[in-house]
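Before any comments, here is the structure.
Numbering (this note's numbering), first residue to last: 33 to 527.
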């Protein structure tokens, strides 16, 4: 068990580091290229992520197969790698050759340079993911974490440096050139893993080929996993297609629509999803432990862990949501050097609470082997989000609010679907809601107290220092309240 916790901690730390690198890269890119530049980046990367997820189940299927039969996993690695070389190479060539047509299809001819730059990554990234899946099956969590951090660091560094150098050539060329960092990061990370694997003498590599390989089962498993994981990339891709087109229908120019899309999805979304790094790491770390307790039948420990995780999730979600809503203007100016993202950040302030709840309830349901509910919840949320985007974003003057409603609706519907699947008793649910209202009231008082201290400090320090002191005071008080609250309250139960 300690070894399992160590692996979970390493994996969670790598995930947080990768997210922080990505967050820093987008912030710097926004300051360099502005709202229109981050909009171009976001649309192109949504397309790239959607294409990658078509084969996204292969690494996980390989990891599961390798964990069961390591020697057989090595055979599958070689077979699937050849298939991906042909498939990824074909996708890369098609995107590179037809990038003008694809950019027009995506609604912005300026994306041609970005698609050119992403085309080589469509060849390298699937092979990298497959190799990580094989190593995950062998339990080589440390080298996987190192490769993920290396890839993200190289990608972000190259993206920022290349974009800054090419900016005099124009926005489209600069952002497009910066996206070559995606291929460079994948290539260097793949090289790192290849060297490690070649030096690893403990990996099982049979001389002869296995007589019978469960190829059909393997690819069916991969397909199911790909379909399940497709929703978030599909949602982002639909956003990239639908939102700019509806903004054009509302009377905005192509440049304005791209900039507005960049503000909502490339600026505001970055800020409001940043607090979910905490709940994401919590979900990733606790998911294995929760699943183990459920399988062992130790329901009391399972209830305690689930209750504690959900309590931390909603307390952190409420506190960070209040902070985002109250300080949206300051965060927009400090991070992006513009007030354009202020209103969208306020509209999306509930995201930390909703996403944290969705992630943790999904982990709890998966631990109980309830897989269909999160699937249908995400599908329903995606449908509601798409409908809201089409109906609301096209209303003149309602672009930011309409897009925010669509984003919130997806998370809200998914969360409520998971909540229904947990089958919490009504009396227990009423108690939880009352506790949440109390938490909101107390944290509002903490925010009001911190704001009062801000008024007292006016004129004594600069606005930046006052903001920092107010933030520290609020989260210190909130942290103390978290600590006290987590020792009390009933345990979570599923009937």
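Glycine included, each C-beta is placed from N, C-alpha and C at the ideal position.
Taken through DSSP and simplified to helix, strand or coil, residue 400 comes out as coil. About 10 Å separates the Cβ atoms of residue 385 and residue 304, ruling out a contact at the 8 Å cut-off. If only complete runs of 4 or more residues are kept, the stretch 377–449 shows the alpha helix (DSSP H) at 383–399, 404–420, in order along the chain. The C-alpha of residue 105 lies about 42 Å from the C-alpha of residue 419. Residue 471 and residue 339 have their C-alpha atoms some 16 Å from each other.
Inclusion of residue 209 and residue 198 in the CB contact set at 8 Å is warranted, their separation being smaller than that value. Non-local beta-carbon contacts of residue 190 in its own chain, meaning distances under 6 Å to residues more than five positions away in sequence, involve 213, 216 in chain order.
A distance of 8 Å or more separates the beta carbons of residue 404 and residue 517.
Between residue 156 and residue 219, the CB-CB gap stays under 8 Å. Cβ atoms of residue 349 and residue 388 come within 8 Å of each other, at about 5 Å.
By the neighbour-count definition (other C-beta atoms within 10 Å, threshold 16), residue 181 is a buried residue. Between the stretch 447–459 and the stretch 289–308, the count of Cβ pairs shorter than 8 Å is below three; the stretches do not touch. Going by beta carbons, residue 364 and residue 377 fall inside the 8 Å limit.
Between residue 165 and residue 94, the C-beta spacing is below 8 Å. Annotated as distal: residue 63 and residue 302, with beta-carbon spacing of 8 Å or more. Annotated as proximal: residue 81 and residue 268, with beta-carbon spacing under 8 Å.
The Cβ atoms of residue 311 and residue 345 sit closer than 8 Å to each other. The Cβ-Cβ distance between residue 486 and residue 474 does not fall below 8 Å. Around the C-beta of residue 330, fewer than 16 other C-beta atoms lie within 10 Å, and the residue is accordingly described as exposed. With fewer than 16 other CB atoms across the displayed protein chains lying within 10 angstroms of its CB, residue 118 is exposed. Non-local beta-carbon contacts of residue 114 in its own chain, meaning distances under 7 Å to residues more than five positions away in sequence, are absent.
Using a 10 angstroms sphere on the CB of residue 172, the tally of other CB atoms reaches 16 or more, which defines it as buried.
At the C-beta level, residue 145 and residue 205 come within 8 Å of one another. Residue 69 is not a Cβ neighbour of residue 259, given a cutoff of 8 Å. Under the DSSP assignment, residue 166 falls in the alpha helix (DSSP H) whose first and last residues are 153–169. Here residue 112 is not near residue 137, since their CB atoms are 8 Å or more apart.
Residue 490 counts as exposed, since fewer than 16 other beta carbons sit within 10 angstroms of its beta carbon. By the beta-carbon neighbour count (other beta carbons within 10 angstroms, threshold 16), residue 249 is exposed. Spatial neighbours of residue 374 in its own chain (CB-CB distance under 7 Å, excluding positions within 5 residues in sequence) are listed in chain order as 360, 361, 364.
Residue 290 and residue 421 have their C-alpha atoms some 15 Å from each other. With respect to residue 341, residue 414 sits apart: the two C-beta atoms are not nearer than 8 Å.
With contacts defined by Cβ atoms closer than 8 Å, residue 67 and residue 299 form a contacting pair. In the assembly as shown, residue 428 is an exposed residue. Its beta-carbon has fewer than 16 other beta-carbons within 10 Å.
Residue pairing of residue 493 in beta bridges, as defined by DSSP: 490.
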